Structures are given as C-alpha cells and as structure tokens.
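Residue numbers (this note's numbering): 4 to 496.
Everything below concerns the one structure shown next.
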C-alpha cells in the first residue's frame, strides 16, 4: 500500500510540473504622445525639420485619440526548475533601456524571474506609441520622435505591472508548443525590386504556444507570425495595435484566455495576400477571422501536457559601431540619371557615406535569448532576433535549428533590442529601404545568425552535424567611450 501511495504521489507531482500565469494591461499613453512608425503624412510636423514643440512631441504631430487600446501582456511559465517570462507589447520595437527600467520596477514589486529568462517583444504596430526610445538614430529614422523620459516611465510601469500580475496569478497548467502554416494573408513587399522574391514569397510558419488551465480551458495563446503592422498608414493619428491587435481580440472572443502576439521575420512581409485583403474593413479587419481561425485550429491540433521541461539561455554580443555604406544605388536603386545626373556620377565614382555611430545612435550589444520546450517528445525552440529580419535570414535560422535537433522553431522578432533591419548579402547589394537601414554592413545577417545559433546550440537536443555558424562577435567595447556617447543622447527633458 505504501508503494502504491508513493507511486500515486510521484505521478501527482509530475502531472503538476507546469504552472503558468498571464496578465493583460492597458498601456495606452496619454493623448498627445507621438505615434511611432512613419516619417511622412500627417504624422510629421508640417514644416519638418522645423520643430513644433508640444508637451510630448517635437518633430511629430501629437496623437489625437485611441482607436483601440495598446496593451502589454505577460506570460510566466515554470516547469518546477526553470521559470521564464514572455512579455509582448503593442510597440514598434523593443529596447533594452525600457526593459531594464521595467524589470527594476517589477523586481521592486516582488517579481522573481531572472532577467536573462525574460523576453520583451514589440508587435511592430506602426500606430503604437513613440517618444520612449533614447537612441537618436531610432528616434529619427523610423520616427519615434525625441526621447521623453516620462513616456518611457509610463510604459515601464505598465510592463512591470503585467509581469508581476502574471507571476502572482500562477496556477497548475498544461503547456505545448507547436506550429502550423498560413498563406494568403501576407505578401513580400520587396518583390518589385528584388529578383530573389515574388509577392507570395512569405514565411508561412504559424507558431503557437498553448497554455491551458488544468481543466482544459485556455489560459493564454501566444501566436508567432511574420507580418508588418501597417494596416493603418501615415495619416492615422489614433493609437492602434493594428491587425495583430484585431487578431488577438478575435481569438480572445472565440476561446477566452489572453492572446499574445510575437512577430517573426517580418522585415519584408506586409499584410494582404491572395486569400484575403487582410486590412480591408479596418478596424474590423477582414483578415482577423482568417488568421484567428488558423491560430485556433493550430492550437486545437496540439495536445497540451502538464509534464515537460524548459531550458533557457541568454547571451549578449557586441556588434561594434554601425557600418552604413549608404549609397544612392542602395538607398533608392538609383544608378542613372537623377538631379544633375547625380546618380550616374555617384555610381561611377563610388560615392559612399559610411557613418559610424555609437550607442547614442543605435544599440550595439543585443541580448539573444533562447527557450527550449521539451514536451510530448517534441523539442521546440523560441529564439530572439533584435530587430527586423528579412525572410531569407529567417529561413537560415530555421535551417540551423533543424541541424541542432529542434522540431519546431519560433522566431521572436523585434525582441529585447532594436537594431533596425537585417538584409542578407543578396538583398543588401540590391538596395532599397530595408537594405539602406541595415546598419552594420553586409555581414549584418551573419552576425544575427551567429547570435541566434550561439544561444540555440547551448540548449540544443543534439550536437550539430554541420559546420558551426561562424562567430562574428567583435572585441568588447570601450566602456568609458560608450558612456560618453550615451550621455550625448538628445532629450527634451
């Protein structure tokens, strides 16, 4: 009898190995805060670059209201040994200074998950809040507007509240990570200039993290897909989570729980495909039920388990200063003609602007994070990317993960840091907007791929059989110099 009791107790403990909690906080900033994402249309002051000073804006037009709330959501999962936290934000990107501040607030309120086990992911909505990023290059290039510390503190408090609530509400749970496929709702926006892609060259992977209460009711659904948040354009002056928020609302209305979005390799992927005009009838979005039903179907095809294992690792890599290699050919595909025949002349002379900016311009030390979920005999990888990966880089990272023995890979784009675009060498040479904003040179994607590989390989199910990805890490920075650079950050405050 004692043996039977011991066996029953062991099974009971194992069956309750996973616990989880989730939270959702309205993080919409005050009326008048800038919107981030566009540097033209009504978003920009009429006589740019002549500033118009308001309480929160300088070069951008103040927001005029809220179409739908912009949220911060958090999910904490524990397997009895390792505890992780996934934070999703209806922001254009992630930023380490915001995350450090939010984490400090959360720790002060009792949050216990180690920072290296927390990921912060921006949805990449182009109608989310601006004014909260300290790096000047990010402020001006994708139009965040100048840094306003009170706005950053407001967001940090909301993020911290979500993290703390998620951990405090943890309960026994069932978890599973998997993926399906979804096509026809997005297109490749570089098809007009790149010979390597067509309109339908997209990432079809639809990753899902299913988290249920022990009775099987949904606690949280994380969906991972590549799509730009640009249903609302540069003349929209209202806060919005864009199509990703519309899909989350749809999923929550259909199955309950909290729906969380993590973007993937969306650097060249925009909404709208041959199946549905994704953005039509916004803010109801014709694409929302199509995408939402695909998420629910993928979720329903996965069997959540109370038993499993989580491993987590983070690694910070120094990229060095920017290496822009800006030319007219790469920026605007201009090799002939132009005003005073400038494109022809520059193409012949090799005109180039190679700006080396310090950390006051753009982050140089991204934190790469990987989570490995081993559930039901399946090994799934979630790995962070500190910006906007183009499709080709996404496939390279996925292929690398297959060699490491992972069955599923979820690419967490726009996570932990924001270092702009990551165009592969093929696309870098062709040029265009995404290549122009690939700031660390033609080897940028090799450095990103190396960072992803470095963390994924540390917790991989098997040793690699292929030649390891080259380590592109550069010598560590001059801390005294970089401190001086950061102190030069422009600010309204």
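Cβ atoms here follow ideal geometry from the backbone N, Cα and C, with glycine treated the same way.
Quick caveat, the model's predicted, so the values are computed rather than measured.
Asked, Found
"Burial state of residue 174, where buried means 16 or more other Cβ atoms lie within 10 Å", "exposed"
"Option in 258, 55 and 73 with minimal Cα separation from residue 32", "73"
"Residue 253 Cβ short of 7 angstroms to the ligand FAD heavy atom set", "Absent from the structure shown: the ligand FAD. Ligands present: none."
"Length-filtered (4 minimum) alpha helix (DSSP H) runs lying within the region 388 to 421", "394 to 406"
"Three-way DSSP call (helix, strand, coil) for residue 230 in this model", "coil"
"Close beta carbons around residue 102, own chain, < 6 angstroms, minus the five adjacent residues each side", "123"
"The region 157 to 170 / the region 63 to 72 touching (three or more Cβ pairs under 8 angstroms)", "no"
"Residue 177 to residue 310 span [Cα, whole Å]", "8 angstroms"
"Whole-Å CB distance - residue 424 paired with residue 270, under 8 angstroms assumed", "5 angstroms"
"CB of residue 130 within 8 angstroms of CB of residue 38, strictly", "yes"
"Same chain only: Cβ atoms within 7 angstroms of residue 22, ignoring 5 sequence neighbours per side", "81, 173, 174, 175 and 176"
"Reduced DSSP secondary structure (H/G/I, E/B, other) of residue 160", "helix"
"Per DSSP, the bridge partner or partners of residue 29", "74"
"Contact under 8 angstroms by Cβ, residue 415 with residue 450", "no"
"Separation of residue 218 from residue 363, as counted between CA atoms", "50 angstroms"
"Chain-order list of residues whose beta-carbon lies under 8 angstroms from that of residue 20 (same chain, five-residue window excluded)", "82, 83, 309, 310 and 311"
"Where residue 22 falls: helix, strand or coil (DSSP)", "strand"
"Helix, strand or coil at residue 312 [DSSP, three-state]", "strand"
"Check whether residue 289 and residue 280 have beta carbons under 8 angstroms apart", "yes"
"Burial state of residue 149, where buried means 16 or more other Cβ atoms lie within 10 Å", "buried"
"Candidates 448, 229, 263 and 458: closest to residue 316 by CA position", "458"
"Three CB pairs or more closer than 8 angstroms across the region 391 to 409 and the region 426 to 433", "yes"
"Exposure of residue 191, with buried meaning 16 or more beta-carbon neighbours within 10 Å", "buried"
"DSSP three-state assignment for residue 306, whether helix, strand or coil", "coil"
"C-alpha distance - residue 152 paired with residue 158, whole-angstrom precision", "10 angstroms"
"Run of the beta strand (DSSP E) containing residue 452, from where it starts to where it stops", "No beta strand (DSSP E) holds residue 452; the alpha helix (DSSP H) holding it covers 447 to 461."
"For residue 381 and residue 241, the rounded distance between their alpha carbons", "43 angstroms"
"Residue 274, enclosing beta strand (DSSP E) - first and last residue", "272 to 274"
"Boundaries (first-last residue) of the beta strand (DSSP E) holding residue 264", "261 to 266"
"Rounded Cβ spacing between residue 77 and residue 26 (contact assumed at less than 8 angstroms)", "5 angstroms"
"Beta-bridge partners of residue 141, as assigned by DSSP", "Residue 141 pairs with nothing; no bridge assigned."
"Pairwise C-alpha distance: residue 179 and residue 215", "9 angstroms"
"Alpha-carbon spacing of residue 298 relative to residue 209, whole angstroms", "7 angstroms"
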